[in-house]
Amino acid sequence: MPEGHIVHRLAGIHRDRFGGRPVRVSSPQGRFSDGARLVDGRVFTGAEALGKHLLHFYDNERIVHMHLGIYGVFREQPVPMAPPVGQVRMRMVGAEYGTDLRGPTRCEVVDEGDLEVLRARIGPDPLRADADPDRAWTRISRSRSAIGTLLMDQSVISGVGNIYRAEVLFRQGVDPLRAGRDVSREEWDRIWADLAALMRVGVADGGIVVVEPEHDHGAPAYAEGKPRTYVYRRAGDPCRVCGTPVLHRELSARNLFWCPGCQS
DNA sequence: GATCTATGTAGAT
DNA sequence: TCTACCTAGATCG
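Counting in my numbering, the first sequence runs from 1 upward without gaps.
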């Protein structure tokens with residue numbers, strides 16, 4: 001269940017597992033059979049994440065474009081792989097490892113031209129070195145929409161999901177319902193920098209942990225239940241910083257959480 | 001074991 | 001605004 005950090009992590013894993021060698025690609029479920037045929041047996045030349053989009057490059061200029069949506073998941077195993085069970089959209093088999101992709105919202109073969117369209121359509125990704133935060137600022141500083149909505153809009157900024165949205169606004173003290181044009185340039189710079197830092201931790205850890213040590217009230221280590229979020233899914237619980245009950249409402253059909261004491 | 005819920009998006013209505 | 005996608009962790013009993 002991925003935000004951008006998981007997709008960047010997957011790109012790295014796939015480069016390690018499959019890079020520079022031929023890969024067998026198939027679609028046991030059948031829904032990706034035509035696409036799989038276009039890249040089956042070709043050399044895997046690289047993997048990249050663009051926001052929440054995952055791209056696999058092959059040596060015949062073909063690119064597999066995937067989006068995991070809310071259900072999508074990769075599961076790998078050493079070769080020889082066990083026979084596929086259930087709805088496996090794409091199976092990749094490399095020299096030492098193979099992986100099964102299930103439940104993606106998108107899995108298709110595209111070309112470089114299609115990628116240009118995608119790059120133009122999505123906003124800057126805080127996890128990418130080539131990201132330009134000014135592109136997002138241009139949209140935000142002119143928008144009457146809530147900053148909480150804008151951070152989830154992949155055409156404004158890409159890779160941020162519901163948890164990072166809630167947590168970064170808490171950490172920076174910004175009310176998610178405030179209009180984008182009422183966010184100052186300084187606040188935006190802090191939001192962007194914090195997102196980049198938090199999401200890099202997420203890539204390294206494979207999970208979202210944003211609570212500073214001084215706010216976990218001596219809770220045991222991460223594996224034993226140390227708190228990972230300040231406000232996400234904590235409706236009604238006391239804020240870890242000021243004790244005010246955390247609020248919850250739906251915004252654009254998504255769950256929004258914030259602390260009215262710390263965010264204004 | 002059954003049921004509920006969700007870190008997302010596209011396309012239909 | 002609704003539905004498809006069809007997984008998996010949390011919660012219920």
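The C-beta atom is built at its ideal place from N, Cα and C for all residues, glycine as well. Nothing here was measured: the structure is a model prediction, and the numbers come from that model.
Let me confirm a value: residue i is counted as buried when at least 16 other C-beta atoms fall within 10 Å, else exposed. Which label applies?
| i | result |
| --- | --- |
| Y71 | exposed |
| G207 | exposed |
| H215 | exposed |
| P260 | exposed |
| S27 | buried |
| R9 | buried |
| V168 | buried |
| P2 | buried |
| R234 | buried |
| V85 | exposed |
| V79 | exposed |
| A120 | exposed |
| G236 | exposed |
Measuring straight from C-alpha to C-alpha, what distance separates residue i and residue j?
| i | j | result |
| --- | --- | --- |
| R265 | E187 | Any question about residue 265 goes unanswered here, given that the chain covers just 1 to 264. |
| V183 | R190 | 11 Å |
| A196 | Q172 | 13 Å |
| L54 | V109 | 12 Å |
| S145 | G180 | 6 Å |
| E212 | F170 | 12 Å |
| R22 | D40 | Reading off the sequence, residue 22 comes out as Pro, not Arg. If I take the Cα positions, the gap works out to 8 Å. |
| F32 | P245 | 47 Å |
| R37 | V25 | 7 Å |
| P83 | L247 | 47 Å |
| E250 | Q87 | 32 Å |
| V64 | R200 | 25 Å |
| Y164 | G19 | 30 Å |
| A11 | R75 | 13 Å |
| R185 | S141 | 8 Å |
| W192 | Y58 | 33 Å |
| A204 | A129 | 16 Å |
| R178 | A166 | 13 Å |
On the premise that residue j lies in contact with residue i, defined as a C-beta separation below 8 Å, what is that separation, rounded to the nearest angstrom?
| i | j | result |
| --- | --- | --- |
| D175 | Q263 | 5 Å |
| G69 | P104 | 6 Å |
| M90 | C107 | 6 Å |
| L50 | L150 | So it is not a contact: roughly 19 Å between Cβ atoms. |
| G94 | L256 | Going by Cβ atoms, the distance from G94 to L256 rounds to 41 Å, so no, they are not a contact pair. |
| S252 | M92 | With 8 Å as the limit, S252 and M92 do not qualify as a contact, their Cβ atoms being about 35 Å apart. |
| H5 | G202 | 3 Å |
| V209 | R228 | 5 Å |
| R42 | V73 | Actually they do not touch by this definition, with Cβ atoms about 24 Å apart. |
Worksheet item: Do three or more CB pairs link the stretch 92-103 to the stretch 134-142 at distances below 8 Å?
Response: no
Worksheet item: Using 8 Å as the threshold, is the stretch 145-158 in touch with the stretch 123-133, meaning 3 or more CB pairs across them?
Response: yes
Fill in: Inter-stretch contact (C-beta, 8 Å, three-pair minimum) for the stretch 5-16 and the stretch 33-47
yes
Item to complete: Jot down the residue ranges of each uninterrupted beta strand (DSSP E) in the stretch 70-101, minimum 3 residues, whole runs only, in chain order.
Response: 73-78 and 88-93
Fill in: Runs of beta strand (DSSP E) wholly within the stretch 160-211 (minimum 3 residues, chain order)
none
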